[in-house]
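Chains as they are written, first to last, in our numbering: chain A, 17 to 478; chain B, -10 to 245.
Set out below in structure tokens:
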């Protein structure tokens, strides 16, 4: 029953009709209330161990935080070494720390950690169970390991988009920002005319999002080039520049002061890359320009990992339209999934920079510790169940097993349908589909809903 | 006084109910005909609720869920759509298919919510009062909607609807998958058959009748009625009551 938001505020011009509506709503509410029964919370045991999927910055940050809190923590990384994207980076903005040095620091902390197990070259192949009691199967080479954990953190990161067939990309003279990082790791740098193109394959029809890290990466690399070779001419072709925060904005100013040129282009008139020059329509001047280059750098977005779909199915968690993982609520539960006991951080959720990845990693660890710090947990009891008096109705047709999105219904050894209360989220699909109407949903029983309908129709309950 | 329809809305807790709240917080105005029942998921809406709603004299029913792909329960809204398709099919036998609607509204679409409710209310106003409204008892129609309710909530229909996605989206043990068009055809046939069979049951509950009586009552060929009678007899739902002359008279022996 919702009188304020769904009646008074929306019918302010019709006081009489709104009054009648309120009477109806109260009637409906009271008739449901009459049938309500107390809900009992369900108590479940918690395995106070954590699994972190992904050994990049966000995953390491989560793992360190959890292990420091004293929880036994497992970190699974599919590659041979941990560090993720850090391994490919030269420096980290805005403070220009060497990525390798930073990673070394993290690795030292891992070595000092007491109850942290790192499993490299490993993938998660099966996940069963629920909040507090996940059964996970991990494949390491051909070895299979089974783990029981209470919470899972998804920190699988993202991949860099490869601009195949775009702007003459060849990985040598025309490279991505990530490839430029590798070049800049070397001491010598002999290029004089550098052109960078921003938003390559981003903020377009196929990928309608801003990757959020590319502007800063381009600025960072331009400044490094200027430091290595003050004579270098650097031109950044951009659509918009995003440098949120004081430090980032200062970075942008520093870049401009050091003589780096910024030219605005539009999606409608993309730059044309020739063998040694780039032609671009300068939006500010309103005319075509050509700029010669000996190094062309393409700023490409981070894209969702290809295996996100597999993991999403394993964990029964959703993906958003660009195949990044989707949090439970953008503002209220930004680190949680709708599935209890599973959390999300870093670029698996959205392209993040190192600082954000660290923060989110710790946030996820903190959310996970709200579960792991308990021996038992009370969970909400508005679940599906088969009332005692309905037990005989069930004929074992298994429609409910097929329809349950959470795998919460199974047949037990006596071939009876059993609803695992801890897995049930109370959506009610099974109740609406039960061929014998044996399954009821606590707090939303057929009887309760029908009594609301009858109250509205002015009908006595049959 | 102009006709003010009674409209019932089933709103899912996560998207559409929140969308309705947002319309409220934003003070967006819409007609005051809607009465909302909150359910956790649009997939919770049991077909029984719809038929009971219409039998209670409600003029229009709207079900609202999260946009496809946005369901809080992953895929509950797809199940809602399948159930809705079945319900609409059944309702088309009594010309009620336009009195029900399924819509997707997200928690951020307060405007869209108000717009949909305004349009649906106007649409129901145009249709006029439900012929099942109190005081307008139409016993033939009441019998028909009872048959529809029984058919739609029968074991067979529920099993078919509950398995639709499993049947059309997943392969069976032989690696076969039923094409969606083929399923749709079977589905529509099954809906029609179950409807006629349940009409027979409702009619025989009142008093025993012969095949010919039923054929005249329903304006359906006697041979078709006979086919259905045989099925019902096999299922043990009807039995022969007596023979008058050479005509067998049947009786509904179903419980309840």
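Just so it is clear, CB atoms sit at the ideal spot from N, CA and C, and this is done for glycine as well.
For residue i, count neighbouring Cβ atoms within 10 angstroms of its own Cβ and tell me buried if that reaches 16, exposed if not.
{"i": "residue 97 (chain B)", "result": "exposed"}
{"i": "residue 3 (chain B)", "result": "buried"}
{"i": "residue 326 (chain A)", "result": "exposed"}
{"i": "residue 191 (chain B)", "result": "buried"}
{"i": "residue 146 (chain B)", "result": "buried"}
{"i": "residue 183 (chain B)", "result": "buried"}
{"i": "residue 27 (chain B)", "result": "buried"}
{"i": "residue 36 (chain B)", "result": "buried"}
{"i": "residue 251 (chain A)", "result": "buried"}
{"i": "residue 346 (chain A)", "result": "exposed"}
{"i": "residue 103 (chain A)", "result": "exposed"}
{"i": "residue 5 (chain B)", "result": "buried"}
{"i": "residue 284 (chain B)", "result": "With chain B represented from -10 up to 245, any question about residue 284 (chain B) goes unanswered, as that position is not in the structure."}
{"i": "residue 245 (chain B)", "result": "In this prediction, residue 245 (chain B) scores a pLDDT of 46, lower than 50, which makes its location untrustworthy; the coordinate-derived value is nonetheless stated afterwards. It is exposed - the Cβ of residue 245 (chain B) has fewer than 16 other Cβ atoms within 10 Å."}
{"i": "residue 43 (chain B)", "result": "buried"}
What is the DSSP secondary structure of residue i, counted as helix, strand or coil?
{"i": "residue 301 (chain A)", "result": "coil"}
{"i": "residue 243 (chain B)", "result": "coil"}
{"i": "residue 62 (chain A)", "result": "coil"}
{"i": "residue 247 (chain A)", "result": "coil"}
{"i": "residue 351 (chain A)", "result": "coil"}
{"i": "residue -8 (chain B)", "result": "coil"}
{"i": "residue 482 (chain A)", "result": "For chain A, the structure presents residues 17 to 478; residue 482 (chain A) sits outside this window and is missing."}
{"i": "residue 30 (chain A)", "result": "coil"}
{"i": "residue 138 (chain A)", "result": "strand"}
{"i": "residue 5 (chain B)", "result": "helix"}
{"i": "residue 208 (chain A)", "result": "coil"}
{"i": "residue 214 (chain A)", "result": "coil"}
{"i": "residue 184 (chain B)", "result": "helix"}
{"i": "residue 312 (chain A)", "result": "strand"}
{"i": "residue 122 (chain A)", "result": "helix"}
{"i": "residue 230 (chain B)", "result": "strand"}
{"i": "residue 340 (chain A)", "result": "coil"}
{"i": "residue 49 (chain B)", "result": "strand"}
{"i": "residue 71 (chain A)", "result": "coil"}
{"i": "residue 258 (chain A)", "result": "coil"}
{"i": "residue -2 (chain B)", "result": "strand"}
{"i": "residue 335 (chain A)", "result": "strand"}
{"i": "residue 20 (chain A)", "result": "helix"}
{"i": "residue 107 (chain A)", "result": "strand"}
{"i": "residue 144 (chain A)", "result": "strand"}
{"i": "residue 54 (chain B)", "result": "strand"}
{"i": "residue 368 (chain A)", "result": "coil"}
{"i": "residue 437 (chain A)", "result": "coil"}
{"i": "residue 461 (chain A)", "result": "coil"}
{"i": "residue 34 (chain B)", "result": "coil"}
{"i": "residue 43 (chain B)", "result": "helix"}
{"i": "residue 211 (chain B)", "result": "helix"}
{"i": "residue 129 (chain A)", "result": "coil"}
{"i": "residue 272 (chain A)", "result": "helix"}
Using only alpha-carbon positions, find the residue among the options that is nearest to residue i.
{"i": "residue 261 (chain A)", "options": "A:255, A:269, A:243", "result": "A:269"}
{"i": "residue 444 (chain A)", "options": "A:416, A:176, A:340", "result": "A:416"}
{"i": "residue 214 (chain A)", "options": "A:160, A:36, A:283", "result": "A:283"}
{"i": "residue 177 (chain A)", "options": "A:140, A:219, A:126, A:157", "result": "A:219"}
{"i": "residue 114 (chain B)", "options": "B:136, B:211, B:87", "result": "B:87"}
{"i": "residue 19 (chain A)", "options": "A:115, A:152, A:148, A:42", "result": "A:42"}
{"i": "residue 255 (chain A)", "options": "A:287, A:349, A:184", "result": "A:287"}
{"i": "residue 115 (chain A)", "options": "A:369, A:399, A:462, A:307", "result": "A:369"}
{"i": "residue 26 (chain A)", "options": "B:44, B:78, B:104", "result": "B:104"}
{"i": "residue 72 (chain A)", "options": "A:426, A:430, A:377, A:468", "result": "A:377"}
{"i": "residue 134 (chain B)", "options": "B:-3, B:121, B:144", "result": "B:121"}
{"i": "residue 453 (chain A)", "options": "B:186, B:243, B:141", "result": "B:141"}
{"i": "residue 175 (chain A)", "options": "A:65, A:245, A:206, A:324", "result": "A:324"}
{"i": "residue 225 (chain B)", "options": "B:235, B:214, B:239, B:213", "result": "B:239"}
* Entirely within the segment 386 to 423 of chain A and at least 4 residues each: give me those alpha helix (DSSP H) ranges in chain order. => 415 to 419
* To do: Check whether the segment 146 to 163 of chain B touches the segment 420 to 437 of chain A, counting contact only when three or more Cβ pairs, one atom from each stretch, lie closer than 8 Å.
  => no
* Does the count of Cβ pairs from the segment 83 to 97 of chain A and the segment 117 to 137 of chain A closer than 8 Å reach three? -> yes
* Uninterrupted alpha helix (DSSP H) stretches inside the segment 61 to 107 of chain B (no shorter than 4 residues) -> 65 to 81
* Counting pairs of Cβ atoms below 8 Å between the segment 193 to 203 of chain B and the segment 229 to 241 of chain B, do you hit three or more? -> yes
* Could I get the ranges of all uninterrupted alpha helix (DSSP H) runs contained in the segment 146 to 213 of chain A, with 4 residues as the minimum, in chain order? => 193 to 201
* Asked: Is the number of C-beta pairs between the segment -7 to 3 of chain B and the segment 427 to 441 of chain A that are closer than 8 Å three or more?
  -> no
* Is it true that the segment 192 to 208 of chain A meets the segment 155 to 175 of chain A, where meeting means three or more beta-carbon pairs spaced less than 8 Å apart? -> no
* Asked: Within the chosen definition, does the segment 117 to 130 of chain A reach the segment 162 to 170 of chain A through at least 3 CB pairs nearer than 8 Å?
  -> no
* For the segment 121 to 179 of chain B, which segments carrying the alpha helix (DSSP H) assignment without a break, of at least 4 residues, lie completely within its bounds, in sequence order? -> 128 to 141, 144 to 158
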